[in-house]
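In what follows, a single structure is set out as structure tokens and then discussed.
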Amino acid sequence: MAPALHHLCPAKDAIVAWPFVFTVAMGKIIFYEGRNFEGRHYECSGDCADMHMHLARCNSIRVDSGCWVAYEKPNYTGYQYMLTRGKYPDYHRWAGFNNCIRSCRMVPAYNGNYRIKIFERSDFGGKMIELMDDCPNLQDRFHMRDISSCNVTEGYWVLHEHPNYRGRQYFLRPGEYSRYSDWGSMSSTIGSVRRVTELR
Numbered sequence: 056m057a058p059a060l061h062h063l064c065p066a067k068d069a070i071v072a073w074p075f076v077f078t079v080a081m082g083k084i085i086f087y088e089g090r091n092f093e094g095r096h097y098e099c100s101g102d103c104a105d106m107h108m109h110l111a112r113c114n115s116i117r118v119d120s121g122c123w124v125a126y127e128k129p130n131y132t133g134y135q136y137m138l139t140r141g142k143y144p145d146y147h148r149w150a151g152f153n154n155c156i157r158s159c160r161m162v163p164a165y166n167g168n169y170r171i172k173i174f175e176r177s178d179f180g181g182k183m184i185e186l187m188d189d190c191p192n193l194q195d196r197f198h199m200r201d202i203s204s205c206n207v208t209e210g211y212w213v214l215h216e217h218p219n220y221r222g223r224q225y226f227l228r229p230g231e232y233s234r235y236s237d238w239g240s241m242s243s244t245i246g247s248v249r250r251v252t253e254l255r
């Protein structure tokens with residue numbers, strides 16, 4: 056099965072709350088020091104805040120079950136990579152900048168609705184759009200390309216830097232993000248928005 060590629064940037068100080076509608080699911084992810092699933096490896100079935108004692112580097116990953124976010128740095132910081140079930144024989148397959156993975160977190164299975172409010176200005180000001188489904192091109196549909204804050208009320212979402220789900224990606228859990236730096240961006244430019252539906 057070919058995995059979906061999701062490269063995401065770090066969220067910093069967003070006010071985040073896990074959703075009320077989710078189910079407990081078992082997950083399994085295996086990190087390998089070598090490419091093509093060779094060399095020393097570390098198997099994980101839950102959140103891990105610091106993997107440096109287990110692996111010096113990470114050049115391939117196999118996701119047997121669950122949906123995961125792998126982080127470049129310890130304590131769930133640095134660039135994020137969203138990983139769905141499948142095989143990633145080298146770090147280019149998860150759109151990684153390098154072979155450094157230092158922490159990971161499993162995303163709970165989710166069976167609820169999806170709802171996000173996006174705002175043109177910081178602190179939930181300016182033009183507001185509410186979405187409950189994917190939008191491949193914000194400019195074409197809403198004449199909007201700058202998102203400076205947002206409020207995720209239901210489900211998990213990914214903001215994309217460019218239209219048609221291209222460019223840098225920012226993973227959003229339910230919660231309030233009062234400025235674009237809260238989801239790890241250096242710019243308010245967002246071209247498309249999609250739901251994370253792999254959790255069903």
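Position in the sequence shown (from 1) plus 55 gives the number in the numbering used here. A virtual CB, placed ideally from N, CA and C, is assigned to each residue, including glycine. Keep in mind that this is a model prediction, so the values were computed, not measured.
Keeping to the same chain, check which residues put their C-beta closer than 6 Å to that of M187; ignore five residues upstream and five downstream.
Y169 and R170
Taking the beta strand (DSSP E) that F197 belongs to, which residues open and close that run?
Unbroken run through F197 is the alpha helix (DSSP H), L193 to F197; no beta strand (DSSP E).
How far does the beta strand (DSSP E) with F174 in it reach, from first residue to last?
R170 to R176
Hey, G121 and Y136: beta-carbon distance below 8 Å or not?
no
From A125 to P163, what distance separates their C-alpha atoms?
14 Å
So the beta strand (DSSP E) N153 belongs to, where does it begin and stop?
Note, N153: premise wrong, no beta strand (DSSP E); not H, not E.
Residue from E127, A111 and M161 with nearest C-alpha to C99
M161
Would you call the segment 201 to 219 and the segment 234 to 241 in contact, with 3 or more CB pairs under 8 Å?
yes
Are there 16 or more other CB atoms within 10 angstroms of the CB of R117, so buried, or fewer, so exposed?
buried
Go through its chain and collect everything with a Cβ distance to S243's Cβ below 8 Å, but skip five positions before and after it.
D201, I202, S203 and Y235
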